[in-house]
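Structure, as structure tokens:
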Amino acid sequence: MQKKPISRMVIALAAAGLMAFSSLAAAHAHLQSSAPAAKAQVTTSPDALTLNFSEDIEAAFSGVTLLDSASKPVAIDKARVESGQKNRLIVGLSQPLKAGSYQVNWHVLSVDGHKTAGSYRFSVK
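According to mature numbering (1 follows the signal peptide of the UniProt record, and there is no 0), the sequence shown holds residues -25 to -1, 1 to 100 in order.
Encoded structure:
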């Protein structure tokens, strides 16, 4: 008769463990939006790239590279976190972008220590 309480306890502990693991997996900083947006076709060069993440990030361990349509690096400023919005990474452009396609490669370290990376494209007409 004592097997039922033990079995229920094991199931409850396993469920609690799964819930804790799923909340940890959701703790990574994911790109929520950007300007210019992914797949956007803008008519003029932006002044900066703005990337908004799902949680706060560490600017010192985060960065962005910008590649042109020939996969050559484009000069950009050092990525910085906006004061008061530590989930927003801003990268100024050294010069206006010429017409063409661009790829943004990003990597961030969230304040809880998780690393994520990704990329997206946009174009300037």
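Here a beta-carbon is modelled for each residue, glycine too, at the ideal position from N, C-alpha and C.
{"query": "Reduced DSSP secondary structure (H/G/I, E/B, other) of ALA13", "result": "coil"}
{"query": "C-beta contact flag for TRP81 and SER29 at 9 Å", "result": "no"}
{"query": "Pairwise C-alpha distance: ALA4 and ALA74", "result": "31 Å"}
{"query": "Beta-carbon spacing of TYR95, LEU41 below 9 Å", "result": "no"}
{"query": "Boundaries of the beta strand (DSSP E) in which THR25 is found, first to last residue", "result": "23 to 28"}
{"query": "Between the CA atoms of LEU26 and residue 111 - distance to the nearest angstrom", "result": "Past the boundaries of the shown model lies residue 111; the chain is included only from -25 to 100, so the question cannot be answered."}
{"query": "LYS90 Cβ short of 8 Å to the ligand GTP heavy atom set", "result": "As for the ligand GTP, it is missing from this structure, which has no ligand bound."}
{"query": "9 Å Cβ cutoff met for ASP52 and ALA23", "result": "yes"}
{"query": "Chain-order list of residues whose beta-carbon lies under 7 Å from that of LYS61 (same chain, five-residue window excluded)", "result": "ASP31, ILE32"}
{"query": "Chain-order list of residues whose beta-carbon lies under 6 Å from that of SER44 (same chain, five-residue window excluded)", "result": "GLY75, SER76"}
{"query": "For PHE36, the residue or residues it bridges with in DSSP", "result": "PHE36 pairs with nothing; no bridge assigned."}
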